[in-house]
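**Q**
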Amino acid sequence: MDETAAIRLLGEVRVVHRGHVVQPRAVGGARCVEVLAYLAVNRHRDVPQDEIADVLWPKNRPQSWYAALRGVLSRVRDTMELASMPPGSVRSRGGSVRMALPDGLVTDIELVRRYCAPSGGDLAAAVADARRALALTAEPALVGATGSWANDVRAELDQLRRRAWEIDAGGSLTLGEPARAVESAEALLALDPLRESAYRTVMSGYLALGERGRALQVAARCRHVLDTELGVAPSAETEALYLEILRADEPGPVAPRQATDVDPEFVGRSAELRAISEAIERADRGRGQFVVVTGEAGSGKTTLAREVVARARAAGAHVLFGRCSDEAVVPFEPFVEAVGRELDALGAAQAREWLQVNGTDILRLVPGVARRLGEAPPARSDVDERDVVMTAVLDWLTSPVRTGPAVLVIDDLHWSSAATLAVLRYLIHASEQSRLCVIATVRDEYADVGYLRATLSAPTRSSGVQRLQLGGLSLAEVGALVDAADTTLDPATLHERTHGLPLFVVSLINSSESGSVETFPASVAESVAQRERLLPPTALALLQLCSVIGMTAPRALLRSIADDVDDIAFADALDVLVRNRLVTETPSGVEIRLRHPLVQEAVYARISGRRRSQLHTRVAHVMEHLGSVAAADDHSRLAYHFSRGLDSERPRAAVFSQRAGDSAMSIGAYEDAVVFYTSATEQMVPRGDSAARCRLLIDLGRAQRKARDPAFRPTLFEAVSMAKRLGDEELQVTATLANDQPGTLYAHIHYDHERTDTLYDALRVLESAGRGDGPAAAYLLAQLAIELVWVADTRVLRDLLDRSIGAARHSGDQDALVAALFAVLVVLRVPSHAEFRRACYVELMGLLESPTRRVDSLVAVWIARNQIEYGHLAAAAQTRSTLTEARVSRDPELAWMVGNVDFGIELAVGRLRACDPKFDALRDIPASPAVTYSYGRLLGQLFALRALRGDMGEIVAVAQDIIGRFDVVATYRACLATAYADVGDLDAAVELVGWYDRRRIDEIPVNNLWLSTIVTIGRVAAQVGNTEVCAIVYDLLVDHADENTISWAAVFGVVHHHLAELAIALDRYDHAAVHLDEALAEHQRRGFMGWFAETAYLEALLEARRDGRPSVAAVARARHLADDVGATAVRRRIDAVAAAHGLAS
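Counted from 1, the sequence shown has number 465 at position 465 by full-length UniProt numbering; the numbering is strictly sequential.
Laid out in structure tokens, this is it:
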């Protein structure tokens, strides 16, 4: 049975199962890491709990260690459960614990042991296993485990790694891989410099490589080390090898090829091929790889890529190849080519089988293949298509139907479109734990350009990323090319002139063979020009036509354009170009390819400007005449050729640019759609106002908005203005609706006057036309309420929302109703409208429960936020799970909001230790394309966390910044006062609280911050003993006792809890007891275990104030609850109450 390493103990300890990667540190901290790792290492026996306790507490085991251990084991089980491990994977019985993995699942350390065990005589298998062991042990073992037991495991793995190097070194030498043998033996010597057998392997390897001098140097090094460290001479076996090296002849010339290789022009690059081969092997073991091959133009990147393709296919990998074109922006081009070719190669029957397993979403990219298979691509959804495409590409490449690793080779990535790079970035990130190896070639001059560097650096990947730099060929390798070509050119002269640049070398050899060399050309372009001058006219015309079409020309298209020659002349001309090594034909003869982009550039540059325009126009007309113009790449290529054609074709260029934009939008290539629509606006005639231009601006604005381009706003405002100038009310409304606000929607220091004015204008247009109760009005009213959320009275907002819902219901438009109900969740978060919002939430969930409806990502975020507030934490987690990496990765603001939901769930449920890293991840607030103000966006989350865990020193540290904004945000004064009280500066807290009186409290705006502001004022007033403020706040809150206080997604406890604290401060102990009972019940019902612990603290505080002393039981209970969830701030307050009354901590 094939075994999979589900428990990864090499590197960061983690559980990897069914696509889940769960780190125990994130679930339960360092102790969870320690226990999970210890159980995994000892999984074949029952481990006594006392033994585990010794691991956790080798000294000073706490008295309550058993309860603490149960908590740690609970977190271990949570880790396994989050990775979809079956129940019972961690069993406790009879005072012992055992990790029981399902059949076929093991730890990676077990795999290493098996890989290093005797193989039974199969040397090739033993070497392959040793290399797998080396790949697994490349990372340190048990990162995060600190016990002495871990050192014993690390020592064992060190020995296993040495054994693997030894097997690989000796086996590689025997199997005819001397370079690998040298590398592995040297690695072994770095670990064990006294291992004499390793020196012999290095010496033999260098001898086999023809490097006798280096072999002798190693022999001398061996003699010196043995003499210095051990005082002994080398063994007789080593001396015999030394004498053999002395007698060996000097090496002959480098052989140009091995018999198994495919391309007669391929020489050298052994180190790069070995690195890529190893990367593919690592991918085959489920450790996804991303390899970037860089080099200057002509350095052999594409040649190396094609060699990799051939070798990987021969080794049983599933290889897909796609390239990016310089000549036209083609959405998702390398993925379209790679997937399309693979589907065609599979054949109709097998392709349909794969589609049944992987789903048909991938057919969105290749509609032509879908038509050939008789399949219809899925209908376009009404929400974001990008995540559908990204998920489809990932699922296709990592499909379980693949019997080997998948290798995706992307050639000329530097010419990729922005949308293509976005998908690739997601693919790199999401495939880290998969059997996918992505290899991309990039020209040096583009590698550090910003847009590409962000992709090549793979910042979200922790492993499996490497860059290979291609230099020039050595003199011996140039000589091998000369020998293979059987030419009389001098290799040394060639190497000196070309600096070993492979394409230049081959180009000069080709020029020599064609008889065009009188003097050496100074460049590839000059070499191509020399050969051009010797071509017959028909062949030259065909070559120029190829350069205009692009790197790859369909033979049928080429033949149709060259209709001035007969078939024989066409074939003869093509043969001439092939013989002169300017083009190649695919084995099927369906496509003609130029030998290299530098060849295309050289030929294209020598065509006159007018002739180029004529050829582009001819190509466009023939492409259009041939038909099958339906996919995004068809439209984009037509737009490219028409735009470079004759001036009379500009209108056609505009038409096809707009169609290309439409096609790009339909598959989620929003950045590319911006390029197409922008080109269409530049090509469109006439230049002035027109309905067609206005519609095009609306399309451009929508694409810019989807692409997070800040230009969407002025683009759509211009569309609105143009529609008004045209008197076209329909376009005015359409443009206004397209300009809806993206981003966080709760950046409260933001009000867009211009946007609000356009909404009111559009609404008046609809109402004057008698359409005030239609779906467009419903959308406008909902958007207007969102825009006015921080500046309008709640009654105005409620009226707008009531009208929006009414218009949606009247029109029967469910999508409009969803938009209206969603706006309620965003806008009306005030307690006076709590029941209305809850009813809207229930109705919205009913509308969205249809399995065929895809919920917009932003809507899902707000639903999860409301579910947290209502205590529906399991539902919130389920909603959050629909926000996959593919759905959020391209939008940093959305990803940040999802991070807030993650933080909010952890905070609500009381996993406070996990909140610290999640909060730190939120500190990097992304820039918004529409809102530049971001101060204070994290204050609510920080305040809610530090109320339960840690202290509020971080808030006090920025006191001056907060004080300067007291008049901007009403809650800031109370937050700072609370922070002062928390760190012990009571005088500062008292002064800030003393500012409040009834008038100032009544003047606090009743908006979405009102409840949290009033609660915070009351909380700090109770802490500093300002009973006047306590009484005012109590009266304001008592009507909202059953509500929950929340700062966006960060829970701050039910109002009953805060009323209890106020009642204690006011000496209303009977009221306090009632509120505490309600708060405990509500916190437990909703699963707010952090606040459950805080309420338990208030119980002890009530006893202290009412009875003069808290009971031991109340203090013990509160401490236990606080410790269980990691509520260190709560524990600090409990200890203070206990200490004040003489109770031990």
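The beta carbon of each residue, even a glycine, is placed where N, CA and C say it ideally should be.
Can the beta-carbon of Val47 be found less than 8 angstroms from the beta-carbon of Arg113?
**A** In the sequence shown, counting from the first residue as 1, residue 47 sits at position 47. In the sequence shown, counting from the first residue as 1, residue 113 sits at position 113. No, the pair does not count as a contact, with Cβ atoms beyond the cut-off.
**Q** Tell me whether Leu938 sits in a helix, a strand or coil according to DSSP, three-state version.
**A** The sequence position of residue 938 within the sequence shown is 938, counting from 1. The answer is coil: DSSP assigns Leu938 none of H, G, I, E or B.
**Q** To the nearest angstrom, how far is the alpha carbon of Arg739 from that of Phe717?
**A** The residue labelled residue 739 in the question sits at position 739 within the sequence shown. The residue labelled residue 717 in the question sits at position 717 within the sequence shown. The displayed chain sequence assigns Asn, not Arg, to residue 739. Spanning the two alpha carbons is a distance of roughly 8 angstroms.
**Q** Given that a residue counts as buried once 16 or more other Cβ atoms are within 10 Å of its Cβ, and exposed if not, what is Ile439?
**A** Position 439 of the sequence shown, counted from the first residue, corresponds to residue 439. By the neighbour-count rule (16 or more Cβ atoms within 10 Å), Ile439 is buried.
**Q** For Phe1088, name the three-state secondary structure that DSSP assigns.
**A** Looking up residue 1088 in the sequence shown gives position 1088. Phe1088 falls in the coil class under three-state DSSP.
**Q** Would you check if the region 315-334 and the region 558-574 touch, i.e. whether three or more CB-CB distances between them fall below 8 angstroms?
**A** These segments do not touch.
**Q** Run through the DSSP bridge pairs and tell me what Ser527 is partnered with.
**A** Counting from one through the sequence shown, the residue named residue 527 turns up at place 527. Beta-bridge pairing links Ser527 to no other residue.
**Q** Considering only their Cβ atoms, is the gap separating Ala179 from Leu226 smaller than 8 angstroms?
**A** What you label residue 226 is simply residue 226 of the sequence shown in a count that begins at 1. What you label residue 179 is simply residue 179 of the sequence shown in a count that begins at 1. No, these two residues do not count as a Cβ contact at 8 angstroms.
**Q** For Ala553, name the three-state secondary structure that DSSP assigns.
**A** For the purposes of this step, residue 553 is taken as the residue at position 553 of the sequence shown. It is a strand residue.
**Q** Whole angstroms is fine: what's the gap from Ala315's alpha carbon to Asp891's?
**A** Numbered from its first residue, the sequence shown carries residue 315 at position 315. Numbered from its first residue, the sequence shown carries residue 891 at position 891. Computed Cα separation, rounded: 39 angstroms.
**Q** Under 8 angstroms, with one C-beta from each stretch per pair, do the region 638-649 and the region 575-583 reach the 3-pair mark?
**A** These segments do not touch.
**Q** Against chain B, does Arg650 count as a neighbour if the rule is that its beta carbon must be under 8 angstroms from one of theirs?
**A** No chain B appears in this structure, which consists of one protein chain only.
**Q** With three or more C-beta pairs closer than 8 angstroms as the rule, is the region 9-22 touching the region 141-155?
**A** Because the criterion of three Cβ pairs below 8 angstroms is met, the region 141-155 and the region 9-22 touch.
**Q** If the criterion is Cβ atoms closer than 8 angstroms, does the pair Ala719 and Ala735 meet it?
**A** Sequence index remark: in the sequence shown, residue 719 carries index 719 (1-based). Sequence index remark: in the sequence shown, residue 735 carries index 735 (1-based). Yes. Within cutoff.
**Q** Entirely within the region 51-122 and at least 4 residues each: give me those alpha helix (DSSP H) ranges in chain order.
**A** Runs found: 65-82 and 108-115.
**Q** Look at the alpha carbon of Leu160 and the alpha carbon of Ala5, and state the distance between them as a whole number of angstroms.
**A** Taking the sequence shown and counting its residues from 1, the one referred to as residue 160 is at position 160. Taking the sequence shown and counting its residues from 1, the one referred to as residue 5 is at position 5. In a straight line, the C-alpha of Leu160 is about 17 angstroms away from that of Ala5.
**Q** Does DSSP classify Val409 as helix, strand or coil?
**A** As a first step, residue 409 must be located in the sequence shown, where it is residue number 409. Here Val409 sits in strand by DSSP.
**Q** Are Arg1004 and Ala970 closer than 8 angstroms when you measure CB to CB?
**A** Walking along the sequence shown from the start, residue 1004 turns up at place 1004. Walking along the sequence shown from the start, residue 970 turns up at place 970. The amino acid occupying residue 1004 in the given sequence is Ile; Arg does not appear at that position. The answer is yes: Cβ separation under 8 angstroms.
**Q** For Gly94 and Gly147, what's the separation of their Cα atoms in angstroms?
**A** Taking the sequence shown and counting its residues from 1, one reaches residue 94 at position 94. Taking the sequence shown and counting its residues from 1, one reaches residue 147 at position 147. Straight-line Cα distance between these residues: approximately 25 angstroms.
**Q** Could you tell me which uninterrupted beta strand (DSSP E) segments, each at least 3 residues in length, are contained entirely in the region 414-452, listed from first to last along the chain?
**A** Whole beta strand (DSSP E) segments, 3+ residues: 436-443.
**Q** Let's see if you can read the secondary structure: which residues bound the beta strand (DSSP E) around Phe290?
**A** Position 290 of the sequence shown, counting from 1, holds the residue named residue 290. That run of the beta strand (DSSP E) goes Gln289 to Gly295.
**Q** Would you grab the beta carbon distance between Glu906 and Asn1044 for me? Rounded to a whole angstrom, and I think it's under 8 angstroms.
**A** The residue given as residue 906 occupies position 906 in the sequence shown. The residue given as residue 1044 occupies position 1044 in the sequence shown. Glu906 to Asn1044, Cβ: 17 angstroms. No contact.
**Q** Determine the closest residue to Tyr760 out of Asp773, Arg70, Val733 and Ile925, with distance taken between C-alpha atoms.
**A** Working through the sequence shown from its first residue, we reach residue 760 at position 760. Comparing Cα positions, the closest option is Val733.
**Q** Which class does Ile592 belong to by DSSP, given the choice of helix, strand or coil?
**A** Along the sequence shown, one-based indexing puts residue 592 at 592. Of the three classes helix, strand and coil, the one that applies to Ile592 here is strand, per DSSP.
**Q** Rounded to whole angstroms, what is the Cα-Cα separation between Leu873 and Gly964?
**A** Taking the sequence shown and counting its residues from 1, one reaches residue 873 at position 873. Taking the sequence shown and counting its residues from 1, one reaches residue 964 at position 964. Looking at the two C-alpha atoms, the distance is approximately 37 angstroms.
**Q** Round the Cβ separation of Ala1093 and Ala1118 to the nearest angstrom and send it over; I've been treating them as touching at under 8 angstroms.
**A** Your numbering for residue 1093 matches position 1093 in the sequence shown. Your numbering for residue 1118 matches position 1118 in the sequence shown. 7 angstroms between Cβ atoms; contact.
**Q** For a quick check, are the C-beta atoms of Arg91 and Ala100 less than 8 angstroms apart?
**A** Residue 91 sits at position 91 when you count from the first residue of the sequence shown. Residue 100 sits at position 100 when you count from the first residue of the sequence shown. Closer than 8 angstroms, so yes.
**Q** Quick test of the definition: if touching needs 3 or more C-beta pairs under 8 angstroms, does the region 54-69 touch the region 171-190?
**A** Judged by Cβ distances under 8 angstroms, the region 54-69 makes no contact with the region 171-190, as fewer than three pairs qualify.
**Q** Would you call the region 440-450 and the region 345-360 touching, i.e. three or more CB-CB distances under 8 angstroms?
**A** No: fewer than three Cβ pairs fall under 8 angstroms.
**Q** Are the beta-carbon atoms belonging to Ala233 and Thr201 less than 8 angstroms from one another?
**A** Along the sequence shown, one-based indexing puts residue 233 at 233. Along the sequence shown, one-based indexing puts residue 201 at 201. Result no, Cβ atoms of Ala233 and Thr201 do not sit closer than 8 angstroms.
**Q** Provide the residue span of the alpha helix (DSSP H) that contains Arg386, from first to last.
**A** Taking the sequence shown and counting its residues from 1, one reaches residue 386 at position 386. Where Arg386 is concerned, the enclosing alpha helix (DSSP H) stretches over Arg386 to Leu397.
**Q** Under 8 angstroms Cβ to Cβ from Val106, same chain only, skipping five residues before and after it: list those, please.
**A** For the purposes of this step, residue 106 is identified with residue 106 of the sequence shown, where counting begins at 1. Result list for Val106: Glu3, Thr4, Ala5, Ala6 and Ile7, in chain order.
**Q** Counting pairs of Cβ atoms below 8 angstroms between the region 773-780 and the region 794-809, do you hit three or more?
**A** At 8 angstroms Cβ cutoff, the stretches touch.
**Q** When you compare only the Cα positions, how much space is there between Ala259 and Ala310?
**A** In the sequence shown, the residue the question calls residue 259 occupies position 259. In the sequence shown, the residue the question calls residue 310 occupies position 310. Note that Ala259 has pLDDT 29, beneath the 50 cutoff, so the model's placement of it is unreliable and the number below is only indicative. Roughly 14 angstroms between the two C-alpha positions.
**Q** So is Trp995 buried or exposed if we call it buried at 16+ other beta carbons inside 10 Å?
**A** Within the sequence shown, residue 995 is the residue found at index 995, counting from 1. Exposed, because fewer than 16 other Cβ atoms sit within 10 Å of the Cβ of Trp995.
**Q** Taking DSSP's pairing of strands, which residues face His872 in a bridge?
**A** The residue labelled residue 872 in the question sits at position 872 within the sequence shown. His872 is not bridged to any residue.
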